[in-house]
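There are 2 protein chains.
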Amino acid sequence: MRVLAIALSGLSLLMPLSLLAAEPITPISAPTDIDSNKAEIGKQLFFDPRLSKSGFLSCNSCHNLSMGGADNLTSSVGHGWQQGPINSPTVLNSAYNLAQFWDGRAADLKEQAAGPIANPGEMAQPHSVAIQVIASIPGYVESFVAAYGDESITLDRVTDAIAEFERTLVTPNSRFDQWLLGDKTALSGEELEGYQLFKSSGCVGCHNGPAVGAALFQKTGLIKPYATDNPAQGRFAVTGKESDRMVFKVPTLRNIELTYPYFHDGSVNTLEEAVNIMGEIQLGRTFSDLETGKIVAFLKTLTGDQPNFALPQLPPSTPATPQPDPFGPKPSQARS
Amino acid sequence: MRVLAIALSGLSLLMPLSLLAAEPITPISAPTDIDSNKAEIGKQLFFDPRLSKSGFLSCNSCHNLSMGGADNLTSSVGHGWQQGPINSPTVLNSAYNLAQFWDGRAADLKEQAAGPIANPGEMAQPHSVAIQVIASIPGYVESFVAAYGDESITLDRVTDAIAEFERTLVTPNSRFDQWLLGDKTALSGEELEGYQLFKSSGCVGCHNGPAVGAALFQKTGLIKPYATDNPAQGRFAVTGKESDRMVFKVPTLRNIELTYPYFHDGSVNTLEEAVNIMGEIQLGRTFSDLETGKIVAFLKTLTGDQPNFALPQLPPSTPATPQPDPFGPKPSQARS
Numbered sequence: 005m006r007v008l009a010i011a012l013s014g015l016s017l018l019m020p021l022s023l024l025a026a027e028p029i030t031p032i033s034a035p036t037d038i039d040s041n042k043a044e045i046g047k048q049l050f051f052d053p054r055l056s057k058s059g060f061l062s063c064n065s066c067h068n069l070s071m072g073g074a075d076n077l078t079s080s081v082g083h084g085w086q087q088g089p090i091n092s093p094t095v096l097n098s099a100y101n102l103a104q105f106w107d108g109r110a111a112d113l114k115e116q117a118a119g120p121i122a123n124p125g126e127m128a129q130p131h132s133v134a135i136q137v138i139a140s141i142p143g144y145v146e147s148f149v150a151a152y153g154d155e156s157i158t159l160d161r162v163t164d165a166i167a168e169f170e171r172t173l174v175t176p177n178s179r180f181d182q183w184l185l186g187d188k189t190a191l192s193g194e195e196l197e198g199y200q201l202f203k204s205s206g207c208v209g210c211h212n213g214p215a216v217g218a219a220l221f222q223k224t225g226l227i228k229p230y231a232t233d234n235p236a237q238g239r240f241a242v243t244g245k246e247s248d249r250m251v252f253k254v255p256t257l258r259n260i261e262l263t264y265p266y267f268h269d270g271s272v273n274t275l276e277e278a279v280n281i282m283g284e285i286q287l288g289r290t291f292s293d294l295e296t297g298k299i300v301a302f303l304k305t306l307t308g309d310q311p312n313f314a315l316p317q318l319p320p321s322t323p324a325t326p327q328p329d330p331f332g333p334k335p336s337q338a339r340s
Numbered sequence: 005m006r007v008l009a010i011a012l013s014g015l016s017l018l019m020p021l022s023l024l025a026a027e028p029i030t031p032i033s034a035p036t037d038i039d040s041n042k043a044e045i046g047k048q049l050f051f052d053p054r055l056s057k058s059g060f061l062s063c064n065s066c067h068n069l070s071m072g073g074a075d076n077l078t079s080s081v082g083h084g085w086q087q088g089p090i091n092s093p094t095v096l097n098s099a100y101n102l103a104q105f106w107d108g109r110a111a112d113l114k115e116q117a118a119g120p121i122a123n124p125g126e127m128a129q130p131h132s133v134a135i136q137v138i139a140s141i142p143g144y145v146e147s148f149v150a151a152y153g154d155e156s157i158t159l160d161r162v163t164d165a166i167a168e169f170e171r172t173l174v175t176p177n178s179r180f181d182q183w184l185l186g187d188k189t190a191l192s193g194e195e196l197e198g199y200q201l202f203k204s205s206g207c208v209g210c211h212n213g214p215a216v217g218a219a220l221f222q223k224t225g226l227i228k229p230y231a232t233d234n235p236a237q238g239r240f241a242v243t244g245k246e247s248d249r250m251v252f253k254v255p256t257l258r259n260i261e262l263t264y265p266y267f268h269d270g271s272v273n274t275l276e277e278a279v280n281i282m283g284e285i286q287l288g289r290t291f292s293d294l295e296t297g298k299i300v301a302f303l304k305t306l307t308g309d310q311p312n313f314a315l316p317q318l319p320p321s322t323p324a325t326p327q328p329d330p331f332g333p334k335p336s337q338a339r340s
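What follows is the structure, given as structure tokens:
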């Protein structure tokens, strides 16, 4: 889509201003190349707490698909009620992320999916046990045979299936996308003014493309330092470069109305405050209440169609399935 | 249905043995008098972790509708990762329970729904705060107006809506019900022999009617004491009568294949072991492996159609919504 946008942008003088290519934000749409067998397994696994040591936490616990793909908490609850170190980013549209996690330490959705399962502070299940659990469940084995051709159940296949499901979690048809696609009645005057401000103020420098973000890393506190108690240092933890301190993946703004609280430390509860802080520390700009209100009105037009599928039913365990262990000794704490 | 069965049983000599009324178990079917507006609110509330102090636990956390309406744990995880005192019973077909909770301390689904929200060991949210949360969410307010006629959001209405949703959680069309309704090919010979044994051994004395249980209280350990470390004393906690010690609600056997582990203490992982223990302590009978296998084969025919609806989408909070507090001081422990 970005290639298309670039290719078309040279033509924009010949075309109505409303043409997609003229805008730095482009519509989002569901992928058409989904392997539905794999995605169906991935959907079950995403909701299956048996991937966790406790048998109580699933991917959906912290990336709740009833709540914008996040948990709406400052930081998440992990095994044994451990407090997570960072705000859970939404899984919606996460296929558009240039890399996964706030610090981009996982290259893609498949690599990401393996992380929380085994992280002692999250689902706390050794991968070997998680795989043993899934492989002990005949309903899963049948599905893996259908999707992958044989009975082999591996971490590679489990995370591949979860990633395939997550690729489906795209939220098209937001009012803003309707407007982009030519329905000029889709936005109010205030929302449109908010969008113009969003562009003219420079927000769009980082928040652009189909995901309205997610396509680059950027320093939090470009103009003024970001005040936080959270010790996370972003990309620095991955690269060790001083220049990567406080550099985080720019989050998508799609469905931002649903994915409060905001920022990597989850310290901000309202869009108004988030817009004001971003203005100050990233752009060196103080928005008036009127301006902030307009930008927030625009941001709320980015809420798209939420995931719409039947609650998955999970195949039952067998006597061969390793037992969940919610109340055993806690494993040692670890970073997320 | 039971009245019908009794009324018809006098006629059974005149009718084919396959007639419903001739069997002590009757088919189950979804109610036809559901208020869909109320049930739709109840469905959202059932999945909404904002009813809990932490913002992390919902009704569905322990009565997981992807997992037979239970959590498949010995006992549940409550606020702050507290260990629950008893096994979570399935919410499926719970409208058929003569009373709610293992000890029957709540008269009906509506009364039950209020319990875990405020229980300090479960969701730990004072009712007043839970109501304030729901009332602060415009999406809920709109729905309550549509369902109840005005904006008033009270504990009475919240629990009424949850109960109305729970009334829909009926699982018809099990293979056993197909057989009851006349499809003689629905059961294998082994399954049918298991059913005959289930009747002739006396299991059916407690496990009968549409829910295959749930219609009476009975002592666990009628013939021999039940060996358990769990301190729960059943109805005694409600009535204070010595004769009610270890008297629990007879659980439904519908979907029993999905609702492991078994018994009020959740100590038994397999149906085989559960059948053997019940034989010993309730009936004074030792089943052979062959007999146990047949009864288990029958029990697995009681799995019906599981809930089938789109994952609910929850309306977003507002700045006026009381904040979740997952990591504040833990409230004092309490019984479930």
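As you go down the protein sequences, you meet chains G and W in turn. For the first sequence, the residue numbers in the working numbering are 5 to 340. For the second sequence, the residue numbers in the working numbering are 5 to 340. Glycine included, C-beta positions come from ideal geometry on N, C-alpha and C.
Contacts of residue i in chain W (Cβ-Cβ under 7 Å)
i: P320/G; result: E261 and L262
i: L315/G; result: L69, S70, P311, F313 and L315
i: F331/G; result: Q87
Listed by chain order, chain G residues near residue i by CB distance under 9 Å
i: S58/W; result: L77, V81 and W85
For residue j and residue i, believed in contact at Cβ under 8 Å, the rounded distance
i: A314/G; j: N312/W; result: 6 Å
i: P328/W; j: R54/W; result: 7 Å
i: L226/W; j: I299/W; result: 18 Å between Cβ atoms; not a contact.
i: D164/G; j: K114/G; result: 6 Å
i: V95/G; j: G73/G; result: 4 Å
i: L191/G; j: F202/G; result: Incorrect: roughly 12 Å between the Cβ atoms, too far for contact.
i: S98/G; j: G308/G; result: 14 Å between Cβ atoms; not a contact.
i: A103/W; j: I166/W; result: Between I166/W and A103/W the Cβ distance is about 17 Å, and since that is not below 8 Å, they are no contact.
i: I38/W; j: R171/W; result: 6 Å
i: L185/G; j: S70/W; result: Actually they do not touch by this definition, with Cβ atoms about 35 Å apart.
i: A301/G; j: E195/G; result: 5 Å
i: F140/G; j: T322/G; result: The displayed chain sequence assigns Ser, not Phe, to residue 140/G. With 8 Å as the limit, S140/G and T322/G qualify as a contact, their Cβ atoms being about 6 Å apart.
i: V242/G; j: P35/G; result: About 27 Å; that fails the 8 Å criterion.
i: A128/G; j: H83/G; result: 4 Å
i: L2/W; j: E261/W; result: Since the first residue of chain W shown is 5 and the last is 340, residue 2/W is not available in this structure.
Listed by chain order, chain G residues near residue i by CB distance under 8 Å
i: P328/W; result: N76 and L77
Within chain G, the residues that residue i reaches when beta carbons sit closer than 7 Å
i: P323/W; result: N273 and T274
Interface flag, residue i vs chain C, CB-CB below 7 Å
i: K203/G; result: Judged by its chain identifiers, the structure shown contains no chain C, and its protein chains are G and W.
Meets three-Cβ-pair contact criterion under 8 Å: the stretch 200 to 215 of chain G and the stretch 253 to 266 of chain G: yes
Tell me which residues of the stretch 133 to 146 of chain G have at least one Cβ-Cβ distance to chain W shorter than 8 Å, keeping chain order. none
Along the stretch 76 to 91 of chain G, where does the CB come closer than 7 Å to a CB of chain W? Name the residues. Those residues of the stretch 76 to 91 of chain G that come within reach of chain W (Cβ to Cβ, closer than 7 Å) are N76, L77, V81, G84, W85 and Q87.
Beta strand (DSSP E) runs wholly inside the stretch 181 to 231 of chain G, at least 3 long, in chain order: 221 to 223
I'd like to know if the stretch 285 to 297 of chain W and the stretch 154 to 161 of chain W are in contact, where contact means that at least 3 CB-CB pairs between them fall below 8 Å. no
Taking beta-carbon pairs under 7 Å, can you tell me which members of the stretch 266 to 295 of chain W lie near chain G? N273 and T274
List in chain order: all unbroken alpha helix (DSSP H) runs of 4+ residues lying wholly within the stretch 74 to 160 of chain W. 113 to 122, 131 to 139 and 142 to 152
Between the stretch 34 to 52 of chain G and chain W, which residues of the former have CB atoms less than 9 Å from a CB of the latter, in chain order? Q48, F51 and D52
Are there three or more Cβ pairs, one per stretch, closer than 8 Å when the stretch 72 to 92 of chain G is compared with the stretch 262 to 282 of chain G? yes
Just checking, does the stretch 219 to 236 of chain W make contact with the stretch 244 to 254 of chain W on the three C-beta pairs under 8 Å criterion? yes
Inside the stretch 239 to 307 of chain G only - beta strand (DSSP E) runs reaching at least 3 residues: 251 to 253
Decide yes or no for the touch test of the stretch 227 to 243 of chain W against the stretch 53 to 73 of chain W: beta carbon pairs closer than 8 Å, at least 3 of them. Contact fails between the stretch 227 to 243 of chain W and the stretch 53 to 73 of chain W, because fewer than three Cβ pairs, one in each stretch, are under 8 Å apart.
Is the stretch 33 to 47 of chain W close to the stretch 139 to 149 of chain W, with three or more CB pairs under 8 Å? yes
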